[in-house]
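So the structure is just underneath, and the comments pick up after that.
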Amino acid sequence: MPKVLVVDDSLSVRKVVQRALESKRIEVLSAASGSEAMDQIAREAPDLIVCDVIMPDMDGYQICDFVKNHPTLGHTPVLLISGIVNSTVLERAAKVRSDDVMRKPFAADELLHRIESLLPAAGRPAVAAAPAPAAVPAPTASAAAPAPERRAPQPERPAPVAEPAAIVASTPEPGANLKALLTGVADLAGVSLTALIDREGALMEVAGGLLPEAELAGALAACLVEATEGVGGALTQGRLQSVILEYDSGVVLLNAVGTGAMLAVVLGDPAVLGKVRYHVKKALPDLVRAV
């Protein structure tokens, strides 16, 4: 099983990456700082490293440079992720020999595609081959089949009554019902999209019709929520619970999901806002547990 090290100071980003990779039978290691990443690299020798460019103690360029100049790990692919990908970022990434650069926020499918293309062939998840059927020895002419033994007929016994099988409810894994919870809101009349976004703007899960600029909208929504929380803090109003944005073509509802994520609901019909808010409040405890 290949090992991928994810280096990001955002817990939400690390969770998104972990959920996406573990579904593909990839072992995920994580680090929240550059120094922690250095320890993991030396101890675990990962097959690939996904690293944020901006870190609290050292940046992703320094980590990439360390890996590429390592005497035994210099062949390890490094995928840098950044909220801004421009000529300066690409130039610095090329200077430290990064294998690829991906913009944040990103979708899980795009991340999987990049990682699978960068993983060494020896480290990619192998598809298990179907076991060959066991060979059945052909009967030989010299081996005469024994005559069947005649037995006295036995009285028929009544068939035993089958006991009903016990029904055991399986416990879903954390996050397993996240898509179902979002779909429950997305299926409401008047709702065109629901998305779970971390506080840095990365898309964690989406249900409904994905808009062309959903990832950019997620990043902008994260900035808006951060600024709105600052206003509430300055006015001593406590933590932000929700934000309602009214536009020409509809309404966007943003709801806090714990401390690390938010739920965005896009409504095409403002008349259903009250009903949607009711259903969102009912789903919030389950969303917090799933995240």
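If you count by our numbering, then the sequence shown holds residues 2 to 292, one letter each, in order. Where is the CB? At the ideal position from N, CA and C, for every residue including glycine. Here the structure is a predicted model, which is why all the values come from computation and not from measurement.
Just how far apart, CA to CA, sit T184 and D100?
Numbered from 1 along the sequence shown, position 183 holds the residue referred to as residue 184. Numbered from 1 along the sequence shown, position 99 holds the residue referred to as residue 100. So the alpha carbons of these two residues sit roughly 36 angstroms apart.
Contact belief for V54 with V8 at Cβ below 8 angstroms, rounded distance in angstroms
Mapped onto the sequence shown, residue 54 falls at position 53. Mapped onto the sequence shown, residue 8 falls at position 7. Actually they are not in contact, since the Cβ atoms of V54 and V8 sit about 10 angstroms apart, beyond 8 angstroms.
Report back the beta-carbon spacing between I27 and V68 to the nearest angstrom; my notes put them in contact at under 8 angstroms.
For the purposes of this step, residue 27 is taken as the residue at position 26 of the sequence shown. For the purposes of this step, residue 68 is taken as the residue at position 67 of the sequence shown. Between I27 and V68 the beta-carbon gap is near 18 angstroms, outside 8 angstroms, which marks them as no contact.
Alpha carbon of S193 to alpha carbon of A187, nearest angstrom
By one-based count along the sequence shown, residue 193 stands at place 192. By one-based count along the sequence shown, residue 187 stands at place 186. One Cα belongs to S193, the other to A187, and the distance between them is close to 6 angstroms.
Endpoints, alpha helix (DSSP H) assigned at I116
Along the sequence shown, read from residue 1 onward, the residue named residue 116 stands at position 115. A109 to L119 is the extent of the alpha helix (DSSP H) around I116.
Could you tell me the alpha carbon to alpha carbon distance between L91 and K25, rounded to whole angstroms?
Translated into the one-based positions of the sequence shown, residue 91 becomes position 90. Translated into the one-based positions of the sequence shown, residue 25 becomes position 24. For the pair L91 and K25, the Cα-to-Cα distance works out to about 29 angstroms.
Would you report the Cα separation of I89 and V102, rounded to the nearest angstrom?
For this step, residue 89 is matched to residue 88 along the sequence shown. For this step, residue 102 is matched to residue 101 along the sequence shown. Checking the displayed sequence, the identity of residue 89 turns out to be Thr instead of Ile. One C-alpha to the other measures close to 12 angstroms.
Is L255 near V226, with beta carbons less than 8 angstroms apart?
Position 254 of the sequence shown, counted from the first residue, corresponds to residue 255. Position 225 of the sequence shown, counted from the first residue, corresponds to residue 226. Yes. Within cutoff.
For Y62, collect the residues of the same chain with a Cβ closer than 6 angstroms to its Cβ; drop the 5 residues on either side in sequence, then sort them by chain order.
Within the sequence shown, numbered from 1, the residue matching residue 62 stands at position 61. A distance below 6 angstroms between beta-carbons, with the five flanking residues on each side excluded, links Y62 to the following residues of its chain, in chain order: R93 and V97.
Alpha carbon of S31 to alpha carbon of D60, nearest angstrom
For this step, residue 31 is matched to residue 30 along the sequence shown. For this step, residue 60 is matched to residue 59 along the sequence shown. Roughly 16 angstroms between the two C-alpha positions.
Coarse secondary structure for A203, derived from DSSP in three states
Residue 203 sits at position 202 when you count from the first residue of the sequence shown. Coil, per DSSP.
Spatial neighbours of P3 in its chain, beta-carbon cut-off 6 angstroms, leaving aside the 5 residues before and after:
Counting from 1 along the sequence shown, the entry for residue 3 is found at position 2. Answer for P3: I27, D48, L120 and G124, listed in chain order.
D270 versus A291 - alpha carbon distance:
Position 269 of the sequence shown, counted from the first residue, corresponds to residue 270. Position 290 of the sequence shown, counted from the first residue, corresponds to residue 291. Distance between the alpha carbons of D270 and A291: 28 angstroms.
With 16 other CB atoms within 10 Å as the buried threshold, where does R293 fall?
The shown model of the chain, from 2 to 292, leaves out residue 293, and the question about it has no answer.
Pull up the distance between the alpha-carbon of A262 and that of A203, whole angstroms please.
Position 261 of the sequence shown, counting from 1, holds the residue named residue 262. Position 202 of the sequence shown, counting from 1, holds the residue named residue 203. Answer to the nearest angstrom: the Cα atoms are 9 angstroms apart.
Inter-residue Cα distance where the pair is V17 and A181
On the sequence shown, position 16 is the one that residue 17 refers to. On the sequence shown, position 180 is the one that residue 181 refers to. Taking the CA atoms as reference points, V17 sits about 16 angstroms from A181.
Can you tell me whether R295 is buried or exposed, with buried defined as 16 or more other CB within 10 angstroms of its CB?
No answer is possible for residue 295: the residues shown for the chain start at 2 and end at 292.
Using a Cβ-Cβ cut-off of 7 angstroms (strictly less than) and excluding sequence neighbours within five positions of I64, which residues of its own chain qualify?
In the sequence shown, the residue the question calls residue 64 occupies position 63. Its chain contains V8, G35, A38 and C52 as the residues whose beta carbon lies nearer than 7 angstroms to that of I64, once the 5 sequence neighbours on both sides are disregarded; these appear in chain order.
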